[in-house]
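Using this note's numbering, the letters of the sequence shown correspond one by one to residues 63 to 599.
Note that beta-carbon positions come from the ideal geometry of N, C-alpha and C, so glycine has one too.
A quick write-up on the structure given underneath.
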Amino acid sequence: MTLDNVNRSLWRGALLLTAAGLVVKILSAVYRIPYQNIAGDLGFYVFQQVYPFYAIAAAIAFTGYPMAFSRVVSVHRGSAKEKDVIATSFWSVCALGGLTFILLFSSAPRLALWMGDPALSDPLRVISFLFLVIPFTAFYRGYFQGMGEMVSTAVTQIIEQIVRVSGILIVSYVLVKAGSSAYETGTGALAGSLSGAVISSILLYRYFKTSSTHKLRRTFSFSFSVLKELLRGSIYLSLSAMVLVLMQMADAFSFVNLLTENGYRELPARELKGIFDRGQPLLQLGTVLAASLALALVPEVSALYTAKEHEKVRSLCRLSLKISISFGAAAALGLAVIMEPVNMMLFKNSDGSIELSVLSLSVLFASVIFTATGLLQGLGLYRSAGIAVVAGVFLKVVLNVWLIPIWGMMGAGIATVIATGATAFIQIFLLQRKTAVFTWRSWGLDILKLTAALVLMLLAAILAMEGLTALTGLNHRLEASAAAILSAIIGAGTFFAALLAAKYLRNENMESILEAVPKARKWADSWNKRRQRWQGK
63 MTLDNVNRSL WRGALLLTAA GLVVKILSAV YRIPYQNIAG DLGFYVFQQV YPFYAIAAAI
123 AFTGYPMAFS RVVSVHRGSA KEKDVIATSF WSVCALGGLT FILLFSSAPR LALWMGDPAL
183 SDPLRVISFL FLVIPFTAFY RGYFQGMGEM VSTAVTQIIE QIVRVSGILI VSYVLVKAGS
243 SAYETGTGAL AGSLSGAVIS SILLYRYFKT SSTHKLRRTF SFSFSVLKEL LRGSIYLSLS
303 AMVLVLMQMA DAFSFVNLLT ENGYRELPAR ELKGIFDRGQ PLLQLGTVLA ASLALALVPE
363 VSALYTAKEH EKVRSLCRLS LKISISFGAA AALGLAVIME PVNMMLFKNS DGSIELSVLS
423 LSVLFASVIF TATGLLQGLG LYRSAGIAVV AGVFLKVVLN VWLIPIWGMM GAGIATVIAT
483 GATAFIQIFL LQRKTAVFTW RSWGLDILKL TAALVLMLLA AILAMEGLTA LTGLNHRLEA
543 SAAAILSAII GAGTFFAALL AAKYLRNENM ESILEAVPKA RKWADSWNKR RQRWQGK
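Below, the structure is given as structure tokens:
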């Protein structure tokens with residue numbers, strides 16, 4: 063089997079979902095910046111304390127359950143077992159969603175106490191209603207993906223996120239203008255965030271109802287073997303998509319508690335958590351490329367591995383890791399260097415810039431995790447990828463307990479960097495054992511090239527920022543914005559120029575992507591012709 067025989071519709075569907083996922087991730091990261099500007103650090107703290115519960119539900123609805131369900135549906139499509147699969151999937155996800163709602167709503171006061179803030183009870187109860195809606199979106203998306211229909215999933219993901227972001231920002235703005243407290247604003251914003259899930263479920267239901275197979279929903283049969291397969295697949299797939307969210311969850315339950323137990327007053331500790339949470343949208347933006355790349359990798363790696371094209375699997379793994387490591391390292395180090403003006407530009411002041419600079423280093427490891435997860439899933443190692451994430455989160459909890467009492471917010475940042483680094487190392491070890499992707503012959507020279515490009519990038523960014531600081535003083539937000547943007551452009555331009563000059567991504571390493579992605583070969587040939595004309599060849 064050659065790459066020409068790979069199912070092109072599978073790739074188109076994966077690329078469509080990747081494009082939608084890219085838009086969703088960017089919106090998810092960007093909206094929190096104006097929200098922090100509207101609600102302040104304390105209001106941002108309230109929202110971020112509860113946000114991991116939404117993110118877990120979203121990971122299940124967008125990634126874990128739909129992917130697990132679609133696999134089961136595609137396997138049994140057209141068979142006698144298809145109706146059992148559809149019915150079991152629908153009723154099981156509804157039952158799990160309802161049970162989660164009851165547990166979260168009823169235990170909200172106790173969870174708030176565990177977080178060190180009883181006032182978080184109402185926001186937790188509001189977000190619990192999401193689990194009454196999530197089952198429907200998860201079921202419909204999984205069904206359509208299993209039938210090979212990706213458009214409805216992609217479109218509704220984008221619509222849901224646009225409605226959700228609009229709801230959060232409009233409600234929070236109105237409440238702040240009305241003089242509401244930070245907790246009331248956070249509760250209202252979370253209520254506004256539910257609007258996206260409601261709209262998405264309605265749109266998916268209407269599309270499902272008009273499809274030729276909507277009658278399958280009326281089947282009431284149930285299969286425990288199907289349920290077991292769904293749960294196992296969705297748990298591992300969801301875990302792999304939640305590495306940063308679970309790190310946030312660890313901070314939500316430990317950060318404020320550990321600070322107050324070690325001499326901080328409650329209000330300053332909560333505001334400090336809000337400042338620390340400024341790093342979350344930056345981490346998301348820094349890992350967008352790797353997270354999107356991971357979605358596109360799964361079907362291609364899976365197809366090649368099934369066809370026993372081991373050398374092509376190794377080549378694709380090598381190229382994917384090379385991309386994620388290089389751009390992840392550039393984003394991490396670049397953010398660390400220009401964090402102070404970026405902090406002022408996005409969040410009005412430079413509070414916590416040093417700690418956020420340290421936290422930004424986890425962008426590199428998170429990028430590797432997302433890419434390695436996609437590769438491991440393509441190789442069928444779902445369980446191993448999920449276990450690596452669990453191990454990293456456990457390490458994060460242990461390090462928080464140790465480091466936050468000593469170094470406060472800096473300790474939490476260091477804990478995240480070490481925990482994500484450990485998770486990335488475990489996943490790379492698993493890949494190496496499966497594919498032997500790392501050899502000195504293939505990586506030695508590339509490491510030297512990447513290191514040189516990163517050093518040049520850092521020098522250019524630092525010189526640009528220092529020059530602009532000397533000229534403007536960075537005393538105002540507009541000056542900080544100019545310094546952040548120009549430094550980022552100069553640093554990124556230097557980095558890309560250095561990679562191109564060093565031929566870091568060699569042509570032979572791009573063959574697998576050029577052959578697999580529709581129209582990529584045509585675009586690449588067109589680009590090469592233009593480049594040759596510019597060079598006078």
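With the rule of 3 Cβ pairs closer than 8 Å, the stretch 285-301 does not count as touching the stretch 422-431. Within the same chain, no residue comes within 7 Å of lysine 565 by CB-CB distance, once the 5 residues on both sides are set aside.
Judged by pairs of C-beta atoms under 8 Å, the stretch 86-105 touches the stretch 331-344, as three or more such pairs exist. A contact between stretches requires three or more CB pairs, one per stretch, nearer than 8 Å, and the stretch 291-300 fails this requirement with the stretch 239-258.
Fully enclosed beta strand (DSSP E) runs of no fewer than 3 residues are not present anywhere in the stretch 258-322. Within its own chain, the residues whose Cβ lies closer than 7 Å to the Cβ of isoleucine 261, once the five positions on either side in sequence are excluded, are Ile221, Glu222 and Val225, listed in chain order. Counting along the chain, alanine 559 sits inside the alpha helix (DSSP H) bounded by residues 539-563. Rounded to the nearest angstrom, the gap between the Cα atoms of leucine 194 and phenylalanine 163 is 7 Å. Nearest in C-alpha terms to valine 460, of all of Gly448, Ala447, Ile480 and Gly442, is Ile480.
Secondary structure of alanine 393 (DSSP, three-state): helix.
Exclusion of the five residues before and after isoleucine 466 leaves Leu320, Gly473 and Ala474 as the residues of its chain whose Cβ lies within less than 6 Å of its Cβ.
Threonine 349 sits in coil when the DSSP states are folded into three classes, being neither helix nor strand. For glutamate 417, the secondary structure class from DSSP, reduced to helix, strand or coil, is helix.
Judged by beta-carbon spacing, leucine 493 lies beyond the 9 Å limit of leucine 457, meaning their Cβ atoms are not closer than that value. The closest CA to that of leucine 381, considering only Val363, Ser549 and Ala486, is found on Val363.
Close CB contacts of glutamate 402 within its chain, under the 6 Å cut and outside five residues either way in sequence, are with Ser412 and Ser415 (chain order).
Shown here, leucine 492 sits in a helix according to DSSP, grouped into three states. With fewer than 16 other Cβ atoms inside 10 Å of its own Cβ, lysine 239 counts as exposed.
Cysteine 156 is not a Cβ neighbour of proline 96, given a cutoff of 9 Å. If you draw a 10 Å sphere on the C-beta of lysine 496, you find 16 or more other C-beta atoms in it, and that means buried. Within the same chain, no residue comes within 6 Å of threonine 272 by CB-CB distance, once the 5 residues on both sides are set aside. With fewer than 16 other CB atoms across the displayed protein chains lying within 10 angstroms of its CB, proline 330 is exposed.
Per DSSP, methionine 407 is one residue of the alpha helix (DSSP H) stretching across 401-409. Under the 8 Å Cβ criterion, the stretch 446-454 does not count as touching the stretch 389-400, having fewer than three qualifying pairs. Look at valine 455 here: in three-state DSSP terms it is helix. For valine 499, no alpha helix (DSSP H) encloses it, and the DSSP letter there is neither H nor E. In the three-state scheme derived from DSSP, where H, G and I count as helix and E and B as strand, alanine 369 is classed as coil. Under the three-state reduction of DSSP output, phenylalanine 206 falls in the helix class. Note that the C-beta distance between valine 307 and isoleucine 118 is below 9 Å. If you draw a straight line from the Cα of glycine 396 to the Cα of threonine 199, it is about 38 Å long.
Taking the C-beta atoms as reference points, leucine 84 is found nearer than 9 Å to valine 350.
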